[in-house]
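Asker:
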Amino acid sequence: MHTKIITSPDNPKFKAALKLLSSRGRHQRDQIAIFGVRETLRAIAAGAQIDEIFICPEIVKPELLDSAETQLAKLGKPIWELPTNLFSRLAYGDRVDGLLAVAARPNSDLSRIVLIDRPLVIVLESVEKPGNIGAVARSADAIGAAALVLASPICDLFHPNCIRASLACIFSLQTAVADSETVKLWLLQNKLLIVAADPGAKTLYTTVDLRNSGAIVLGNEARGLSTIWSGHEIQSVRLPMRGLADSLNVSVTAAVLMFEAVRQRTG
2 MHTKIITSPD
12 NPKFKAALKL
22 LSSRGRHQRD
32 QIAIFGVRET
42 LRAIAAGAQI
52 DEIFICPEIV
62 KPELLDSAET
72 QLAKLGKPIW
82 ELPTNLFSRL
92 AYGDRVDGLL
102 AVAARPNSDL
112 SRIVLIDRPL
122 VIVLESVEKP
132 GNIGAVARSA
142 DAIGAAALVL
152 ASPICDLFHP
162 NCIRASLACI
172 FSLQTAVADS
182 ETVKLWLLQN
192 KLLIVAADPG
202 AKTLYTTVDL
212 RNSGAIVLGN
222 EARGLSTIWS
232 GHEIQSVRLP
242 MRGLADSLNV
252 SVTAAVLMFE
262 AVRQRTG
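Under my numbering, the residues of the sequence shown are numbered 2 to 268, in order.
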């Protein structure tokens with residue numbers, strides 16, 4: 002695998018990669034950053050368009066790199082080798098595993114989503130923590146959800162920690178971003194039963210029929226769902242809470258509701 006070496010922090014390629022650590026930089030460049038060998042290979046398998054790769058031989062595990070070398074070489078994209086001091090500046094949080102892939106930002110237009118027979122769409126409104134979005138994406142991938150939609154997002158769908166928490170499963174999903182009103186209208190136009198998670202709802206989640214086309218909607222970690230997700234066309238449900246806590250983490254609630262749909266559809 003042929004690589005070119007970067008040694009200076011003033012190198013324009015290195016400086017451009019650094020900008021991808023911020024949401025503003027990712028949107029300005031219309032690119033995203035994927036950390037890790039496994040995550041990069043999964044993104045490639047899902048059709049992500051890789052633009053270039055940065056590798057730190059002193060950090061990356063040789064056995065992982067050896068297994069990925071053929072696939073990375075086939076891409077025909079530039080591969081830049083960085084010393085530890087430079088690559089550590091690219092590492093996001095505590096994520097230091099020696100490989101960073103720069104990819105084109107996937108198209109997130111709601112109009113591009115193709116719904117299959119009896120689709121189950123997962124909607125997250127204004128969820129703030131990228132780890133929660135990634136965890137929901139991982140569960141959505143596990144159950145074969147039709148799509149993951151961020152409504153009125155606060156967090157970038159392709160934040161590095163979203164990708165990390167999803168184990169790159171976010172690339173195997175149809176994804177979209179739009180304001181809440183647009184998302185709600187799109188769900189209704191596609192005749193999806195809208196099931197909204199609400200700790201104050203009267204209806205238990207197990208009593209709602211999730212066997213047909215539907216959407217599971219979950220809200221912000223602190224504030225829950227906006228008033229847009231209320232009304233006669235919305236079925237609000239709750240999980241039984243028998244302890245001191247009055248709600249669960251949004252990713253846990255999402256997983257419970259998603260696997261309830263799976264149980265009903267396969268039971």
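Where a beta carbon is used, it is the ideal one built from N, C-alpha and C, also for glycine.
Decide if G232 is buried, meaning its Cβ has at least 16 other Cβ atoms within 10 Å, or exposed.
Answerer: Classification for G232: exposed.
Asker: If V150 and V124 are in contact, beta carbons under 8 Å, what's the gap, nearest whole angstrom?
Answerer: Indeed, because the Cβ distance is near 5 Å, the residues count as touching under 8 Å.
Asker: Would you call the segment 134-148 and the segment 251-263 in contact, with 3 or more CB pairs under 8 Å?
Answerer: Short answer: they touch.
Asker: Which residues mark the beginning and the end of the beta strand (DSSP E) in which V178 is found?
Answerer: Per DSSP, V178 belongs to the beta strand (DSSP E) from T176 to A179.
Asker: Comparing alpha-carbon positions, which option in E40, I6, L91 and S214 lies nearest A17?
Answerer: Comparing Cα positions, the closest option is L91.
Asker: Looking at the secondary structure, which residues open and close the beta strand (DSSP E) in which I54 lies?
Answerer: Where I54 is concerned, the enclosing beta strand (DSSP E) stretches over I51 to I56.
Asker: Check whether the segment 161-181 touches the segment 195-213, counting contact only when three or more Cβ pairs, one atom from each stretch, lie closer than 8 Å.
Answerer: At 8 Å Cβ cutoff, the stretches do not touch.
Asker: Classify H160: buried if its beta carbon has 16 or more other beta carbons within 10 angstroms, exposed otherwise.
Answerer: So H160 counts as buried.
Asker: Quick one: Cα of L226 to Cα of I235, how far?
Answerer: When rounded, the distance between both Cα atoms is 12 Å.
Asker: Using CA coordinates, which residue listed in I144, Q50, I117 and P79 is at the minimum distance from L193?
Answerer: Considering only alpha carbons, the answer is I117.
Asker: Cβ atoms of V38 and L66: under 8 Å apart, would you say?
Answerer: A contact, by the Cβ cut-off of 8 Å.
Asker: What is the DSSP secondary structure of E82, reduced to helix, strand or coil?
Answerer: Reduced to three states, the DSSP call for E82 is strand.
Asker: According to DSSP, which residues form a beta bridge with F36?
Answerer: BP columns for F36 point to L101.
Asker: At the level of alpha carbons, what is the spacing between L219 and A34?
Answerer: So the two alpha carbons sit approximately 26 Å from each other.
Asker: Does DSSP put E126 in a helix, a strand or coil?
Answerer: In the structure shown, E126 sits in a strand (DSSP, three-state: E or B).
Asker: Consult DSSP for V218 and reduce its assignment to one of helix, strand or coil.
Answerer: Here V218 sits in strand by DSSP.
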